[in-house]
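Residue numbers (numbering that gives the first Met the number 0), protein chains in the order written: chain E, 0 to 136; chain R, 0 to 136; chain H, 0 to 136; chain C, 0 to 136; chain B, 0 to 136; chain P, 0 to 136. Glycine residues also receive a C-beta, built at the ideal position from the N, C-alpha and C atoms. Some notes on the structure that comes next.
Number of protein chains: 6
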Amino acid sequence: MTTVRLWTDQDAAGDPVVSRIFADIRATRKSDFINNIWRGLANNPALLERTWANLKAVMVAESALDPLTKELIYIAVSTANGCGYCVHSHTAAARAKGMTDAQHGDVLAIIAMAAHTNSLATSMQIPVDPEFLQPGR
Amino acid sequence: MTTVRLWTDQDAAGDPVVSRIFADIRATRKSDFINNIWRGLANNPALLERTWANLKAVMVAESALDPLTKELIYIAVSTANGCGYCVHSHTAAARAKGMTDAQHGDVLAIIAMAAHTNSLATSMQIPVDPEFLQPGR
Amino acid sequence: MTTVRLWTDQDAAGDPVVSRIFADIRATRKSDFINNIWRGLANNPALLERTWANLKAVMVAESALDPLTKELIYIAVSTANGCGYCVHSHTAAARAKGMTDAQHGDVLAIIAMAAHTNSLATSMQIPVDPEFLQPGR
Amino acid sequence: MTTVRLWTDQDAAGDPVVSRIFADIRATRKSDFINNIWRGLANNPALLERTWANLKAVMVAESALDPLTKELIYIAVSTANGCGYCVHSHTAAARAKGMTDAQHGDVLAIIAMAAHTNSLATSMQIPVDPEFLQPGR
Amino acid sequence: MTTVRLWTDQDAAGDPVVSRIFADIRATRKSDFINNIWRGLANNPALLERTWANLKAVMVAESALDPLTKELIYIAVSTANGCGYCVHSHTAAARAKGMTDAQHGDVLAIIAMAAHTNSLATSMQIPVDPEFLQPGR
Amino acid sequence: MTTVRLWTDQDAAGDPVVSRIFADIRATRKSDFINNIWRGLANNPALLERTWANLKAVMVAESALDPLTKELIYIAVSTANGCGYCVHSHTAAARAKGMTDAQHGDVLAIIAMAAHTNSLATSMQIPVDPEFLQPGR
Chain E
0 MTTVRLWTDQ DAAGDPVVSR IFADIRATRK SDFINNIWRG LANNPALLER
50 TWANLKAVMV AESALDPLTK ELIYIAVSTA NGCGYCVHSH TAAARAKGMT
100 DAQHGDVLAI IAMAAHTNSL ATSMQIPVDP EFLQPGR
Chain R
0 MTTVRLWTDQ DAAGDPVVSR IFADIRATRK SDFINNIWRG LANNPALLER
50 TWANLKAVMV AESALDPLTK ELIYIAVSTA NGCGYCVHSH TAAARAKGMT
100 DAQHGDVLAI IAMAAHTNSL ATSMQIPVDP EFLQPGR
Chain H
0 MTTVRLWTDQ DAAGDPVVSR IFADIRATRK SDFINNIWRG LANNPALLER
50 TWANLKAVMV AESALDPLTK ELIYIAVSTA NGCGYCVHSH TAAARAKGMT
100 DAQHGDVLAI IAMAAHTNSL ATSMQIPVDP EFLQPGR
Chain C
0 MTTVRLWTDQ DAAGDPVVSR IFADIRATRK SDFINNIWRG LANNPALLER
50 TWANLKAVMV AESALDPLTK ELIYIAVSTA NGCGYCVHSH TAAARAKGMT
100 DAQHGDVLAI IAMAAHTNSL ATSMQIPVDP EFLQPGR
Chain B
0 MTTVRLWTDQ DAAGDPVVSR IFADIRATRK SDFINNIWRG LANNPALLER
50 TWANLKAVMV AESALDPLTK ELIYIAVSTA NGCGYCVHSH TAAARAKGMT
100 DAQHGDVLAI IAMAAHTNSL ATSMQIPVDP EFLQPGR
Chain P
0 MTTVRLWTDQ DAAGDPVVSR IFADIRATRK SDFINNIWRG LANNPALLER
50 TWANLKAVMV AESALDPLTK ELIYIAVSTA NGCGYCVHSH TAAARAKGMT
100 DAQHGDVLAI IAMAAHTNSL ATSMQIPVDP EFLQPGR
């Protein structure tokens, strides 16, 4: 049902870049599970390598935001972009990082609230208040 | 440049619902400033009232997420929905609630990362891994 | 296949807010059928309550637009937002309120026409004609 | 500020297709005003011709929906697609066809309501209820 | 699972417009296969006729772009618009017109790259550089 | 008017990563001009570095698609995502790489055609034809 082939571990073994990235995904996540998007990206090893490197830099490396907050933001963007696969995978990731049902409920409420006011601002073509424009920006 | 009239405080004084909501916005935010979206919504007092009530319930009331995290999620959704007004207003709100430049940078990086993988999952039509489907849901 | 649990009637019976809202949905719609989105929202009773209250105010209460016109607008927004569930549920609702096949065909034609000119205006970055900006707005 | 040239009436006079379409727009609308999107489309006369022919067939010709309802649907789609130009031009068109402030307010409320539930259905990945699937479709 | 009936060839035989368009689709594509979107559009014969005429003019007729490049652009737009059906049908069409796996991989990489920078430009609300505004446009 | 500061060359000189990337942008493009998105991304040097590295890999390096085709796809995605900045910058880039007015017109026509059929497929919830699903994928 995909538009590309999903690579099995056996397929991956035949390509040095793919096998290296799959191994790094497993080592980084401390899990043998490799989800489908990486198996699809394997068709373009360079794209697989760049995407995984970026994901590690953004989502795994130490940063100014904690890991769970990052996943909540990921769920929010994925919902707004209408990506069902991504909503599923990052909701699972958020749960694995400790998201409670109450937090999940709050995220859904904020996503819906933002969609509500986003469309109101667009339909009324509201101009940005000068107060929101900061000096020197 | 809007498609509706932006109500001044003088206009608001002439409508009991609008003047009550404007007063509550000021009291809740402890600021005299009322930004443009509320002045646009004043054209439909019932819509103004419901939208403000929901925003208070979602963004102001105590919840399972802290106020800054909520604003970061709001920025993320507003970006994905392409609402310039909302990106501006909620970036300002997040700064007012303590968002650092480093946190802002991280939010932008996650939004971009999610947009990247969202479009990859959609273009490859990746099926949801059974591991993401939990029993009883 | 959802990211949250869909509440059965038995589950709902155990929560006073959810059971009250489910009863009101049934009374308002004069039907025993409660569709899945409400069963999903039950995980966050406050969000369920607010969403249903808003939907009643917007879609059920007397207003300046007739019930069928409202559903046609809802179908249009749901299509543009790419929400398959919402396209299905509001197409069914529109049929229940009397939408003919000819009216449905016209709605689809307008949605497609608007998507067509929307993308043309965006790709050419067309400035708003001064004639569309009204005095005092 | 556009990515293409906006054709003046003098420019249009030099191209037989563009001058014919501009004349038909004026005759159809009983107005000398030609808004910017048509002046941008003039750069590709065949695209101008097809787009105008489709718009006439969908929005001007007799159909199962009245002219005002069509414009309300057009506003809704344009908002959901984030096209500022289109929101402006079709809000002006709707007013010209008799849209009252109350009706406009209702349209905005429905658009926002739909955006709200659309994002909830997507974030929860709600499956379509079997009751919405009709036999023979 | 559709919101409209998908017309069989037997259904089409009963409507002169639909049967004529179906015959033209087959003759143009030199194939007996008529994919589902045309069978859905048959419910509104005028919309079917216009949509097919436009598709022929844009995608089949000689133009300044070669047939494969057109399909790659179609895949890109369909992905950004989140239309799974269209991603599938135009990926198949691109393969039929000679798209290699390497070209497909490149298209996916560009789509993802564009989604990435699109969201960054929106989240930072970057103003258009004067250098991008050309004289006389 | 941005939500972040746009770095001048003087600002860039004070950060080793930013000054290195700015120098590489200039060397790669053989032009002194650095457009605003990079000046905004400078606020997060790591994000600037990753984004530029990816853009070079996708858009500048040799690949299975020629440079102009890549820009046409970028314009298409940027339009569908509603990013005005990106539509402007990549339309300028495409012109610099030889895009003719006729080719530009064709791209706009395909974008609009795709938006048209995308919304029709979504509004009718058309199922993917089995013929589009290939064995082994």
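So, using beta-carbon positions, are residue i and residue j closer together than 9 Å?
i	j	result
V16/R	Q124/B	no
G81/R	T121/E	yes
M112/C	N117/H	no
T90/C	I110/C	no
L64/R	M98/R	no
A79/P	V127/B	no
A114/H	H103/P	no
L130/C	N34/H	Note that residue 130/C is Glu in the sequence shown, not Leu. Contact: yes.
A11/E	A41/E	yes
S62/E	A101/R	yes
Distance cutoff 9 Å, beta carbons only. Does residue i sit that close to anything in chain H?
i	result
G81/E	yes
K29/C	no
R49/R	yes
S122/C	yes
L132/R	yes
Nearest by alpha-carbon distance to residue i: which of the options is it?
i	options	result
A108/C	M112/H, K69/H and I36/H	K69/H
A95/H	K29/H, G83/H and A60/H	K29/H
K55/B	G83/B, A93/B, Y84/B and I20/B	I20/B
T27/R	A60/R, L119/R and S88/R	A60/R
L47/R	P66/R, A22/R and L67/R	A22/R
Y84/H	L119/C, Q9/C, L67/C and D8/C	L119/C
Hey, does residue i have any beta-carbon neighbour from chain E nearer than 9 Å?
i	result
S118/B	yes
A22/P	no
M0/P	yes
N42/H	yes
Counting contacts by CB-CB distance shorter than 9 Å, is residue i in contact with chain B?
i	result
L107/R	yes
Can you give me the Cβ contacts of residue i inside the same chain, cut-off strictly under 7 Å, excluding the 5 residues immediately before and after it?
i	result
D31/R	R25
T1/C	G39
L198/B	Missing from the structure shown is residue 198/B; chain B here goes from 0 to 136 and no further.
M58/C	K69
L132/R	none
V3/H	G39 and N42
P66/E	K96
For residue i, decide whether its Cβ has a neighbour in chain P, counting only Cβ atoms nearer than 9 Å.
i	result
M112/E	no
V127/E	yes
A56/C	no
Return no unless some Cβ of chain R is closer than 9 Å to the Cβ of residue i.
i	result
K96/E	no
A93/E	no
G104/C	yes
A12/P	no
Can you list, in chain order, the residues of its chain with a C-beta nearer than 8 Å to that of residue i? Leave out the 5 residues immediately preceding and following it.
i	result
D105/E	none
S88/H	N34 and I36
T7/E	R38
Keeping to the same chain, check which residues put their C-beta closer than 6 Å to that of residue i; ignore five residues upstream and five downstream.
i	result
W51/E	I20
S18/H	A11 and A12
Q9/C	none
So that I know if they touch, is there some Cβ in chain C lying closer than 9 Å to that of residue i?
i	result
V3/H	yes
Point to revise | Unbroken stretches of the alpha helix (DSSP H), 4 residues or longer, contained in the region 9–56 of chain B | key: 15–28, 35–40 and 44–54
Check your understanding: What alpha helix (DSSP H) runs, 4 residues minimum, are completely inside the region 79–125 of chain B?
Key -> 83–95 and 100–123, all fully within the region 79–125 of chain B.
Review point. Any residues in the region 60–90 of chain H with a beta carbon nearer than 7 Å to a beta carbon of chain A? Which ones, in chain order?
Key: Considering every chain present, this structure includes no chain A. Its protein chains are E, R, H, C, B and P.
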